[in-house]
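Here is the structure we will look at, set down as structure tokens.
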Amino acid sequence: MDPLTSLITLGNPILRRRSRPVANLADPQLQGHIDQLLTTVEAAHGVGIAAPQLGWSQQIVVVASRPNLRYPHAPAMAPTVLINPWIVAHSPDQAKGWEGCLSVPGVRGQVWRHQTVEVAYLDRWGQPQRQIWSDFVARIVQHELDHLAGHVFLDRVASSADVLSEEDYQAMVIDTFGSAVLQDATNPASS
58 MDPLTSLITL GNPILRRRSR PVANLADPQL QGHIDQLLTT VEAAHGVGIA APQLGWSQQI
118 VVVASRPNLR YPHAPAMAPT VLINPWIVAH SPDQAKGWEG CLSVPGVRGQ VWRHQTVEVA
178 YLDRWGQPQR QIWSDFVARI VQHELDHLAG HVFLDRVASS ADVLSEEDYQ AMVIDTFGSA
238 VLQDATNPAS S
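Numbering of the sequence shown is given in my numbering, commencing with residue 58 and proceeding in unit increments.
As structure tokens, this is what we get:
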């Protein structure tokens, strides 16, 4: 089965609902849901995904930054599962950056986000964790946690001038960085 067929897109009411905390870490379906999130974010060449994007009202996200066609300068990191995450602290400094979403295909928008966030969460095995992320990874974390609160990135776009089609965004990336950056982002040997 193609994991991308499970993606929920804008218009489905689950994307606008606050997700429920995971109460039973021993639930046999939990690990299956996590595996499906990991498979889907990889297959979609995404950098993050939240459980509501696959139709589950659960507080689970995966952060999986890596260079790809949409984010050629993304830092590479191992996929990280966050269960019941919350931001415990953030920097006062914010930065405006381009975002897209697997659940809002074909559209990009510029969004202001805190440059650094400290997040408490449970890992996939239920162990408490606390992590500080900065820059692009902090942006991913905030984007995915918005999904758990029933928000999509377009809710945070300040002006229609800050919205582009995916096609126009890709043209801008090529104009800014050159086509070589896109080749590097798709070459596994370069990351």
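Here a beta-carbon is modelled for each residue, glycine too, at the ideal position from N, C-alpha and C.
Computed from a predicted model, the values in this text were never measured in an experiment.
Here H90 has A108, L111, W113, Q115 and I117 as same chain residues with Cβ atoms under 8 angstroms from its own Cβ, once five neighbours each way along the sequence are excluded. Going by C-alpha positions, G183 is about 12 angstroms away from A177.
In this structure, V168 sits near G154, with a CB-CB distance shorter than 8 angstroms. Taking the Cα of G207 as reference, the smallest distance to any Cα among D59, T66 and T62 is reached at T66.
By the 16-neighbour rule on beta-carbons within 10 angstroms, V145 is exposed. Only residues of its own chain outside the window of five on either side were considered, and among them T66 have a CB closer than 7 angstroms to the CB of P162, listed in chain order. Between A121 and V104 the beta-carbon gap is near 6 angstroms, inside 8 angstroms, which marks them as a contact. S222 sits exposed, since fewer than 16 C-beta atoms from the chains shown fall within 10 Å of its C-beta. Membership of H147 in the beta strand (DSSP E) is indicated by the continuous run T137 to H147. For H171, the enclosing beta strand (DSSP E) has its first and last residue at V161 to H171.
The distance from the Cβ of I106 to that of L159 is about 6 angstroms, consistent with a contact at the 8 angstroms cut-off.
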